[in-house]
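Some notes on the structure that comes next.
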Ligand SMILES: Nc1nc2c(ncn2[C@@H]2O[C@H](COP(=O)(O)OP(=O)(O)OP(=O)(O)O)[C@@H](O)[C@H]2O)c(=O)[nH]1
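Numbering (the working numbering), first residue to last: 64 to 309.
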């Protein structure tokens, strides 16, 4: 079906057109088991009642220790490439990724932050106004998982309570010997921080990366739409519905 929004720019590619929620990665690791947009958001999209016409944008910040694979994750998500060479991020960098969600043009502004301690004060200046925080750790290095709590706390300190959607992503799954237990066990951390967890295999094209990106954009868009609709801010963002529903 031809979109009526094409005058805003070239159409987005087919894999960036999202009409339903991608299936969760694993029910144990995921707090979100619903498959559809909230009815208020769907109705607003159908009636084009989504605020100012134009490009709609959500901010995503990606945080975590140095060398865990934040840049690699973003490059895999946005460009579908993997670079074996390590080039440390200096301060911050960003990518813009365009989508069409429920018939509405939508973009993610994805901020890649440096993991090195000396750049922390530069990077943290970009945490404010995030709708999504992706905390990344290395599945082969348990310490990087332990540090995710601090990264998340720092990022949340710059944002309104309950206004961010959280992801926890484990990288370098290909470096784990098959059938060996993960060195870093993310589930407990995930439950404590109310984040979603997914592991990624960045070296090969991975459907989990794509699903995670679709999810991120969709939840960010729904959250943003919800905040603009006439209902109060969720105290804790979860999938049981909007606060007005209870
Ligand atoms: N084998 C393997 N290597 C990976 C994977 N993800 C990242 N790497 C490698 O790990 C190294 C660090 O990756 P980066 O993406 O630069 O790490 P970063 O977290 O952005 O690092 P900083 O910018 O210093 O914070 C690079 O050499 C990548 O090629 C993965 O899934 N598998």
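Backbone N, C-alpha and C define an ideal beta-carbon position, used for all residues, glycine too.
Separation of residue j from residue i, as counted between CA atoms
i	j	result
residue 174	residue 109	30 Å
residue 74	residue 227	28 Å
residue 130	residue 77	32 Å
residue 233	residue 223	25 Å
residue 121	residue 170	6 Å
residue 166	residue 181	43 Å
residue 146	residue 119	30 Å
residue 155	residue 216	19 Å
residue 187	residue 179	12 Å
residue 132	residue 79	23 Å
residue 185	residue 102	40 Å
residue 221	residue 172	17 Å
residue 153	residue 168	31 Å
residue 214	residue 183	10 Å
residue 139	residue 98	25 Å
residue 219	residue 136	21 Å
Sheet register partners of residue i (DSSP bridge)
i	result
residue 310	Since the first residue shown for the chain is 64 and the last is 309, residue 310 is missing from the structure and cannot be characterised.
residue 234	201
residue 145	DSSP output for residue 145 lists no bridge partner at all.
residue 162	169
residue 229	196
Span of the beta strand (DSSP E), counted from its first residue to its last, around residue i
i	result
residue 201	195 to 201
residue 23	For the chain, the structure presents residues 64 to 309; residue 23 sits outside this window and is missing.
residue 122	119 to 126
Outcome for residue i when other beta-carbon atoms lying within 10 angstroms are tallied against a minimum of 16
i	result
residue 82	exposed
residue 301	Since pLDDT at residue 301 reaches only 40, below the 50 mark, its modelled position is unreliable, and the value read off the structure follows with that caveat. Classification of residue 301: exposed, given that the 10 Å Cβ count is below 16.
residue 258	Summary for residue 258: the model assigns pLDDT 46, below 50, so the residue's position carries little reliability; its value from the coordinates is reported in the next sentence. When all chains shown are included, residue 258 counts as buried.
residue 195	buried
residue 207	buried
residue 106	exposed
residue 144	exposed
Cβ pair residue i, residue j closer than 8 Å
i	j	result
residue 20	residue 141	The displayed coordinates of the chain run from 64 to 309. Any statement about residue 20 would go beyond what the structure contains.
residue 157	residue 197	no
residue 189	residue 124	yes
residue 151	residue 177	yes
residue 127	residue 199	yes
residue 238	residue 211	no
For residue i, the first and last residue of its enclosing alpha helix (DSSP H)
i	result
residue 78	Neither: residue 78 is in no alpha helix (DSSP H) and is coded neither H nor E.
residue 185	183 to 187
residue 219	211 to 220
residue 103	102 to 109
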